[in-house]
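*Asks:*
Residue numbers (the working numbering): 2 to 763.
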């Protein structure tokens, strides 16, 4: 506009010179000066210490002063007469304009100062180079202005310099700034910004026409589609689809399926890769045509992970078999079909016997091999109507439907068991496994998947408890026993904290003089909801659930505390015997717990006898031997309980620090018979005497049994002949009366006077 106004000044009569200068040329020059200062602020950006509003006020103050002067006065404040040197004309500058020119010089000084300050603050080398170029541009403007000023100052009298000559520094500065913006990207344009995004975007960007032909593709899209986009465009998008996915050409619009947000489809690249893409589209009109911009992302990896997760949600990762979730879904589907055609469904739960031995012997990786081999063998024995699944651990599930007779289920169960006749070869060793199979039938054993699975589990558990390597059909008796087991477990978990356990004491009588020398502590449970519960019922439940450890600890502590009380009433010589379960005995801290109980109760170790069974010894001889030696060193006596019913050998008995051997009550019934079984008891007594062990006979109920035991040389006996189990208070009464002088008849008579709830079976 500045140069346009100057041009018109030269072409038009002199009367137009001042208006053109006052209204166009100088307002444009003052506006350019303020804009130049704002441009510096924009380029310098974060390196400038000034706020934008202050820079704007400073930069446009000359223009505001000029406009104010023109509005309240006339051009006379800024311009004089018009100087004419044909063909040139120019205005003579007045005092006001000279003041404004001084302000413009100050503004340009601000430009220089801002550039220098930005260079000092800038730490990035690339940015510093740009700012140095900006400073050079400012210096070039200064040099051009000085040159023009020198020409004006040195021109002679009568010499004339056209007005456009004084505008050359502005032209030089403007061209320099324009060059910097484009070549050095001081202020990237919107188009260049989007071009950078288009090229560097990690996602694919496509431009498609109404027929879904690809006209443009950025590098991201070319990476996704491969060599198919490296040739000449346009290329139909459908060329990348699999043949079966391509739209029918007879369709009016085959590309509608790609329009919209979140469209998934699969392509096949020229490299042979199959990829799953996610595409979002937006349509727009351009140059009279309709185009579609598409954002394309390769989600093949995500889809692969989703498919893998979906597979793992329904299949076992080790064997590849369906898992429990899939098994239950298939079971429910077959139950629905059977309801419609009145058929029956068989559910078999297969649990591998002694599988833990493999993991413990050759490690879990070999255990996994055994599971995979088991799955292969079980699959081999199923027909097309059978389904095999891994339910978890070493447990498998089998579904059978379409059977004509129940005998077919028996044959299938026998075939399952037969699969484990051959050994498993693992790490160069042979292992023999077997299977316990539980069977439930629809509809006789349940009408829901939950009922059938539970009942098959119960039947499998019975098969395993019966020795394994067999199958069991579910029965109502099994279910009742299972429900009873669950009920007992629920109440048993609360019994200790509710104080429902009590101890009774079975007297042990020395046969030489028939004196009371010891008692055996026997636990009893009086459940608030179920009443009196036999130990034969709740002890197995406690052992299976692990509650036996806390219960056993309570029994040991209570028995020791009670035995200590007896010392004050004459029972200080009586030994207290406590049964120890395998789960309790094999705890690493068992010895320290016993030591702690003796310390807290004050009972002498010599008065405590711990009874263990043969099975506890033979399962882990070395650990048992070490623990028993530690207990014996404390002064505690050790008794082998139920001797003769297990598998311990004479060599084992000799190694253990055992002081007492207890003959199981099962031999007492045969003691009076004239058969081979009668010889077992004297053999045990003779062996024990030879080894220097004390002998206690359990379950003595008749005088005849007592006399025979005396003749055989038995030391001590216990049983109903002497007394039923007694309460602690009953024993205290005996001690107070002088128990050593009481004969067995007195014991029997006093025991019979106890309330019936205290006379439990031993």
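Built from N, CA and C at the ideal position, the CB exists for glycine as well.
1. With a cut-off of 8 angstroms, does the C-beta of residue 248 fall near any C-beta of chain C?
2. Comparing alpha-carbon positions, which option in 229, 316 and 577 lies nearest residue 215?
3. Does the count of Cβ pairs from the segment 651-667 and the segment 619-633 closer than 8 angstroms reach three?
4. Could you work out which residue in 217, 138 and 548 is closest to residue 117 when comparing CA atoms only?
5. Pairs of beta-carbons, one from the segment 490-497 and one from the segment 700-707, closer than 8 angstroms: are there three or more?
6. So, helix, strand or coil for residue 578, using DSSP?
7. Compare the Cα-Cα distances from residue 1 to each of 130, 60, 718 and 276 and report the closest residue.
8. Of the residues 551, 622, 610 and 559, which one's Cα is nearest the Cα of residue 590?
9. For the ligand SAM, is there any heavy atom lying closer than 7 angstroms to the beta carbon of residue 296?
10. Got a sec? Which residues, its chain only, sit under 8 angstroms from residue 707 by beta carbon, not counting five neighbours each side?
11. Who are the Cβ neighbours of residue 412 in its own chain at under 7 angstroms, not counting the five residues just before and after it?
12. So, under 8 angstroms CB-CB, residue 769 and residue 204 are touching, yes? Tell me the CB distance rounded to an integer number of Å.
13. Which runs of the beta strand (DSSP E), 3 residues or longer, sit entirely within the segment 289-335?
14. Which residue spans inside the segment 335-421 form an unbroken beta strand (DSSP E) run of at least 3?
15. Of the residues 333, 576 and 344, which one's Cα is nearest the Cα of residue 732?
16. Residue 431 lies in the beta strand (DSSP E); which residues open and close that run?
17. Can you tell me the Cβ-Cβ gap for residue 508 and residue 724, rounded? I've got them flagged as a contact below 8 angstroms.
18. Look at residue 432 and residue 425 and say whether their C-beta atoms are less than 8 angstroms apart.
19. Can you list, in chain order, the residues of its chain with a C-beta nearer than 6 angstroms to that of residue 529? Leave out the 5 residues immediately preceding and following it.
20. For residue 453, does the three-state DSSP call read helix, strand or coil?
21. Can you give the beta carbon distance from residue 699 to residue 665, rounded, assuming they're within the 8 angstroms contact cut?
22. On the criterion of 16 or more Cβ atoms from any shown chain inside 10 Å, does residue 10 qualify as buried, or is it exposed?
23. Is it buried or exposed, residue 463, if we count other Cβ atoms within 10 angstroms and call 16 or more buried?
24. So, at 7 angstroms on beta carbons, what are the nonlocal neighbours of residue 197 in its own chain, with the 5 sequence-adjacent residues on each side left out?
25. Per DSSP, what kind of secondary structure is residue 240 in: helix, strand or coil?
26. How about the segment 5-21 and the segment 55-75: do they share at least three Cβ pairs that are nearer than 8 angstroms?
27. Would DSSP call residue 485 helix, strand or coil?
28. Of all the alpha helix (DSSP H) runs that stay within the bounds of the segment 613-647, which reach a length of 4 or more residues?
29. Quick check on residue 465: does DSSP put it in helix, strand or coil?
30. With burial defined as no fewer than 16 other Cβ atoms inside 10 Å of the residue's Cβ, what is the status of residue 399: buried or exposed?
31. Is it a yes or a no for the segment 463-476 touching the segment 361-377, going by three-plus beta-carbon pairs under 8 angstroms?
32. Using the C-alpha atoms, what's the distance from residue 695 back to residue 688?
33. Roughly how many angstroms separate the alpha carbons of residue 585 and residue 693, rounded to a whole number?
34. Going by DSSP, what residue range makes up the beta strand (DSSP E) through residue 659?
35. State the DSSP-derived secondary structure class of residue 778, mapped to helix, strand or coil.
36. Exposed or buried, residue 766, counting other C-beta atoms within 10 Å across all chains shown (16 or more means buried)?
*Replies:* In brief:
1. Checking the listed chains, one finds no chain C in this structure; it contains a single protein chain.
2. 229
3. yes
4. 138
5. No: fewer than three Cβ pairs fall under 8 angstroms.
6. strand
7. Residue 1 is absent from the structure shown; the chain starts at 2 and stops at 763.
8. Nearest of 551, 622, 610 and 559 to residue 590, Cα basis: 551.
9. The ligand SAM is not among the ligands present in this structure, which contains no ligands whatsoever.
10. Around residue 707: 512, 701, 718 and 722.
11. none
12. The displayed coordinates of the chain run from 2 to 763. Any statement about residue 769 would go beyond what the structure contains.
13. 290-299
14. 346-354, 388-393 and 396-401
15. 576
16. 430-432
17. 5 angstroms
18. yes
19. Excluding positions up to five away in sequence, the list is empty.
20. Assigned with DSSP and collapsed to three states, residue 453 falls in helix.
21. 6 angstroms
22. Residue environment for residue 10: buried (at least 16 other C-beta atoms within 10 angstroms of its C-beta).
23. Buried: at least 16 other Cβ atoms inside 10 Å.
24. Correct list: empty, nothing qualifies.
25. helix
26. no
27. Helix, per DSSP.
28. 615-620 and 622-634
29. helix
30. buried
31. no
32. 11 angstroms
33. 28 angstroms
34. Per DSSP, residue 659 belongs to no beta strand (DSSP E) and is neither H nor E.
35. Residue 778 is absent from the structure shown; the chain starts at 2 and stops at 763.
36. Past the boundaries of the shown model lies residue 766; the chain is included only from 2 to 763, so the question cannot be answered.
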